[in-house]
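Take a look at the structure below.
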Ligand SMILES: Cc1cc2nc3c(=O)[nH]c(=O)nc-3n(C[C@H](O)[C@H](O)[C@H](O)COP(=O)(O)O)c2cc1C
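Residue numbers (our numbering): 128 to 451.
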C-alpha cells in the first residue's frame, strides 16, 4: 500500500501535514511530529508586522528613513539577532534535523511591502512558502474587490521573488468564495489550504471584558472545508489541502474523498498528543485495506461535486425539514 502524495510539487510520504502552530516553532516538537508520522511541517508563521517593524526599527536606527522598500539590500549586509534572524535560523535547523519537507509560513495582513523577504526564506532552505493571508473584512470603507486585490498583489510579488512552490492558506470570509478560490488558484500558486481557523473574541461577563477564546477546533468543525473542497475539486488550477477540525483518520479520509491532496492538523495534536498523527495514519491504512485501495489516488475526489450522483447536496444549505 502506498500513501504517498504529491503536494505543490513536493513528494509527501503520506497525506498528513503538521499545520502551522506553536508546535512547529520548536525543533523538539517538530522532531516528535516527524516521528509520529507527519509527512511535512508548516512552520509557525512569521508575522508580516514582525518583518516590517523589525526592518523599520533597524532602518530608523541607521537613519535610513521610512522608505523601506528602497533599502532591501540592507538585508545582505546586516541582520541582527531579531525575530527575522531567528526565523531564518529555525528554517535552517529544521532542514538540517528533519528529513520531511519544511514549509515556511508568513502571516500576511496589511501590505505587500515585506515581500522581498520571501527570498530569504528560500535561501534559508524552505521547501515551499505558505502565505497565511487574512484581512478581516471589517473595514467598511472598502469594497470586496479592493480587499481581494490585496491577495492578488501580494501573491504576484512573492511569485516574482522566489522559485520554490508558493501555497496560500485562506479563510472562508469572501463575498463570492468559489469564484475567489478559483481565481486565486490561477495566480501561479501551487496549493491552497482551505481553511484557516482563527480564535474569536468572547466576553467575560463578570469582568465585563473581551477575552480571547476557542483556541482549538473541535472534531465537528470539518464541515466547512469538506463542503468547499468537494465543490472546488477539479475546478482549481492548484492542489487543495484541508484544514480545520481534522481530528481523526475518518475525517482525513473524508477530506481525501472530497478531493483534498492532503490534510493539515494542529488542534488534535494539542489535545491528544503527537500520537494522534500515528493513529490517523493507522486508521487511513486500515480503511484503505478494507476498501481495497492501493493508493490515495485510487479514491481521491470520489465524493466530490463532480463525482457524486446528486451534486446539489453540496449546495443545499437550508434545513427543509425539522425534527420534532
Ligand atoms: C495554537 C495555534 C497556533 C496557530 N498558529 C498559526 C500560525 O502561526 N499560522 C497559521 O497559518 N495558522 C496557525 N494556526 C492555525 C492552524 O494551522 C490551523 O489552520 C487551524 O488551527 C485549524 O486546524 P485544526 O482544526 O487542525 O486546529 C494555529 C493554530 C493553533 C491552535
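By construction, the Cβ of each residue, glycine as well, lies at the ideal position given by its N, Cα and C atoms.
*Determine the contact status of residue 316 and residue 294, defining contact as a CB-CB distance below 8 Å.*
The residue labelled residue 316 in the question sits at position 189 within the chain shown. The residue labelled residue 294 in the question sits at position 167 within the chain shown. Residue 316 is a Cβ neighbour of residue 294, given a cutoff of 8 Å.
*asked:* For the structure I just gave you, are there three or more beta carbon pairs, one from the segment 158 to 176 and one from the segment 135 to 149, closer than 8 Å?
replied: These segments touch.
*asked:* Suppose the cutoff is 8 Å on Cβ atoms and the five residues either side in sequence are ignored; what does the same chain contact list for residue 412 look like?
replied: Residue 412 sits at position 285 when you count from the first residue of the chain shown. Result list for residue 412: 128, 130, in chain order.
*Return the bridge partner residues of residue 257 from the DSSP annotation.*
As a working note, residue 257 is residue 130 in the chain shown. DSSP lists 232, 294 as partners of residue 257.
*With burial defined as no fewer than 16 other Cβ atoms inside 10 Å of the residue's Cβ, what is the status of residue 275: buried or exposed?*
As a first step, residue 275 must be located in the chain shown, where it is residue number 148. With 16 or more Cβ atoms within 10 Å of its Cβ, residue 275 is classed as buried.
*Taking Cβ positions, are residue 234 and residue 325 nearer each other than 8 Å?*
Residue numbering aside, residue 234 sits at position 107 when the chain shown is read from its first letter. Residue numbering aside, residue 325 sits at position 198 when the chain shown is read from its first letter. In this structure, residue 234 lies away from residue 325, with their beta-carbon atoms at least 8 Å apart.
*Hey, residue 245 and residue 289 are a contact pair by Cβ (cut 8 Å); roughly how many whole angstroms apart?*
Within the chain shown, numbered from 1, the residue matching residue 245 stands at position 118. Within the chain shown, numbered from 1, the residue matching residue 289 stands at position 162. The Cβ separation is near 5 Å, so the contact holds.
*Mind listing, in chain order, the continuous alpha helix (DSSP H) runs of no fewer than 4 residues lying wholly within the segment 332 to 382?*
For the segment 332 to 382, whole alpha helix (DSSP H) runs of length 4 or above, ordered along the chain, are 350 to 359.
*For residue 354, verify whether its CB is less than 7 Å away from any heavy atom of ligand 1.*
Within the chain shown, the letter at position 227 stands for residue 354. Every heavy atom of ligand 1 is 7 Å or more from the Cβ of residue 354, so no.
_When you measure from the CB of residue 259 to every non-hydrogen atom of ligand 1, does any distance come out below 7 Å?_
As a position in the chain shown, residue 259 is number 132, starting the count at 1. Residue 259: yes, Cβ under 7 Å from ligand 1.
_Using 8 Å for Cβ pairs, my map puts residue 143 next to residue 369. What's the rounded Cβ distance?_
Position 16 of the chain shown, counting from 1, holds the residue named residue 143. Position 242 of the chain shown, counting from 1, holds the residue named residue 369. Wrong, their Cβ atoms sit about 11 Å apart, outside the cutoff.
*State yes or no: is the C-beta of residue 343 nearer than 7 Å to some heavy atom of ligand 1?*
Working through the chain shown from its first residue, we reach residue 343 at position 216. Yes, Cβ of residue 343 sits closer than 7 Å to a heavy atom of ligand 1.
_8 Å Cβ cutoff met for residue 367 and residue 426_ = Numbered from its first residue, the chain shown carries residue 367 at position 240. Numbered from its first residue, the chain shown carries residue 426 at position 299. Between residue 367 and residue 426, the CB-CB gap reaches or exceeds 8 Å.
*Kindly examine ligand 1 and report whether one of its heavy atoms sits closer than 7 Å to the Cβ of residue 149.*
As a first step, residue 149 must be located in the chain shown, where it is residue number 22. At least one heavy atom of ligand 1 lies less than 7 Å from the C-beta of residue 149.
_Beta carbon of residue 352 nearer than 8 Å to that of residue 300_ = Numbered from its first residue, the chain shown carries residue 352 at position 225. Numbered from its first residue, the chain shown carries residue 300 at position 173. Residue 352 is not a Cβ neighbour of residue 300, given a cutoff of 8 Å.
*asked:* Quick check on the burial criterion: 16 or more other C-beta atoms within 10 angstroms. Buried or exposed for residue 292?
replied: Counting from 1 along the chain shown, the entry for residue 292 is found at position 165. So residue 292 counts as buried.
*Closer than 6 Å by C-beta to residue 328: which residues in its own chain qualify, once you throw out the five before and the five after it? Chain order, please.*
For the purposes of this step, residue 328 is taken as the residue at position 201 of the chain shown. Contacts found: 337.
*Identify, in the order they occur along the chain, each residue of the same chain with its Cβ nearer than 6 Å to the Cβ of residue 360, setting aside the five sequence neighbours on each side.*
As a working note, residue 360 is residue 233 in the chain shown. Non-local beta-carbon contacts of residue 360 in its own chain, meaning distances under 6 Å to residues more than five positions away in sequence, involve 386, 428, 431 in chain order.
*Would you please state the rounded distance, in angstroms, between the beta carbons of residue 218 and residue 255? I believe it to be under 8 Å.*
The residue you call residue 218 lines up with position 91 of the chain shown. The residue you call residue 255 lines up with position 128 of the chain shown. Not confirmed; about 11 Å, so no contact.
*Going by DSSP, which residues form a beta bridge with residue 409?*
As a first step, residue 409 must be located in the chain shown, where it is residue number 282. Answer is none; residue 409 lacks a bridge partner.
*Apart from the five residues on each side of it in sequence, which residues of its chain come closer than 8 Å, Cβ to Cβ, to residue 152?*
Position 25 of the chain shown, counted from the start, is the residue given in the question as residue 152. 170, 171, 217.
*What is the residue span of the alpha helix (DSSP H) that residue 435 lies within?*
Here the question's residue 435 lines up with position 308 in the chain shown. Taken as a continuous stretch (DSSP letters only), residue 435 belongs to no alpha helix (DSSP H), as it is neither H nor E.
*Taking C-beta to C-beta, are residue 410 and residue 377 nearer than 8 Å?*
On the chain shown, residue 410 is found 283 positions in, with the first residue counted as 1. On the chain shown, residue 377 is found 250 positions in, with the first residue counted as 1. Contact flag set, yes.
_I'd like the span of the beta strand (DSSP E) that includes residue 391, first residue to last._
In the chain shown, residue 391 corresponds to position 264, counting from 1. Boundaries of the beta strand (DSSP E) around residue 391: 389 to 392.
_As a quick exercise: from 259, 209, 298, pick the residue whose alpha carbon is nearest that of residue 148._
Here residue 148 refers to the residue found at position 21 of the chain shown. Out of 259, 209, 298, 259 has the C-alpha closest to the C-alpha of residue 148.
*State yes or no: is the C-beta of residue 375 within less than 8 Å of the C-beta of residue 415?*
The residue labelled residue 375 in the question sits at position 248 within the chain shown. The residue labelled residue 415 in the question sits at position 288 within the chain shown. Cβ atoms of residue 375 and residue 415: not closer than 8 Å.
*Spatially closest choice to residue 330 from 392, 150, 400, 340, by CA coordinates*: Taking the first residue of the chain shown as position 1, residue 330 is located at position 203. The residue among 392, 150, 400, 340 with its C-alpha nearest the C-alpha of residue 330 is 340.
*Sort out for me which residues DSSP pairs residue 422 with in a bridge.*
What you label residue 422 is simply residue 295 of the chain shown in a count that begins at 1. For residue 422, the pairing in a beta bridge is given by DSSP as 129.
*Would you list the residues sitting across from residue 137 in a DSSP beta bridge?*
Translated into positions along the chain shown, residue 137 becomes position 10. 134, per the DSSP bridge assignment.
*With a 10 Å radius around its C-beta and 16 neighbouring C-beta atoms as the bar for buried, classify residue 155 as buried or exposed.*
Residue numbering aside, residue 155 sits at position 28 when the chain shown is read from its first letter. So residue 155 counts as exposed.
*Whose CA, out of 157, 439, 241, 357, lies closest to the CA of residue 223?*
As a working mapping, residue 223 is identified with position 96 in the chain shown. Answer by Cα proximity: 157.
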